[in-house]
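Colleague: Below is the structure I would like to discuss, written out as structure tokens.
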Amino acid sequence: MATYEYRCQQDGSFDTTLPIGTAGTAARCPRCGGPAARVFSAPRLTRTPTPLRHAIDRAERSAETPDVVTRVPARHPVGWSSNPAHARLPRW
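Position in the sequence shown (from 1) plus 374 gives the number in the numbering used here.
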């Protein structure tokens, strides 16, 4: 589902949620019933989940100023599972 924005000459803007690709160039205003033209606007990126937004920001920053390391990071031991079925798994 996608949110489409329409603007009525009398009542102003309103949003309609429709399946992607099914929105017409005009719709009926829910207040007055008159014709409303479709408005093309920027996607609502503010609804992007916070972890995804942070990942995108990190990726964009790394293109301009990548993180520089001065040594190989220490290897941290992986925690052992208390599940007995995991005891048979190979260790490296």
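Heads up, the beta-carbon is just placed ideally off N, CA and C, and yes, glycines get one too.
Which two residues bound the contiguous beta strand (DSSP E) that contains L463?
Modeller: Reading the sequence shown from its first residue, position 89 is the one you call residue 463. Where L463 is concerned, there is no enclosing beta strand (DSSP E), given that its DSSP letter is neither H nor E.
Colleague: Inspect the CB distances between the region 378-395 and the region 409-417 and report whether three or more fall short of 8 Å.
Modeller: Contact between the region 378-395 and the region 409-417 is present, because at least three Cβ pairs lie under 8 Å.
Colleague: P447 lies in the alpha helix (DSSP H); which residues open and close that run?
Modeller: Here residue 447 corresponds to residue number 73 of the sequence shown, with the count starting at 1. P447 -> no alpha helix (DSSP H), and no H or E assigned at all.
Colleague: Which partner residues does C388 have in the DSSP bridge list?
Modeller: The residue labelled residue 388 in the question sits at position 14 within the sequence shown. It is Phe, not Cys, that sits at residue 388 in the sequence shown. In DSSP, F388 forms a bridge with Y380.
Colleague: Going by DSSP in three states, P409 sits in which element: helix, strand or coil?
Modeller: Within the sequence shown, numbered from 1, the residue matching residue 409 stands at position 35. It is a strand residue.
Colleague: Report the CB separation of T390 from A401 in whole angstroms; it is logged as a contact under 8 Å.
Modeller: As a position in the sequence shown, residue 390 is number 16, starting the count at 1. As a position in the sequence shown, residue 401 is number 27, starting the count at 1. Confirmed, Cβ separation roughly 6 Å.
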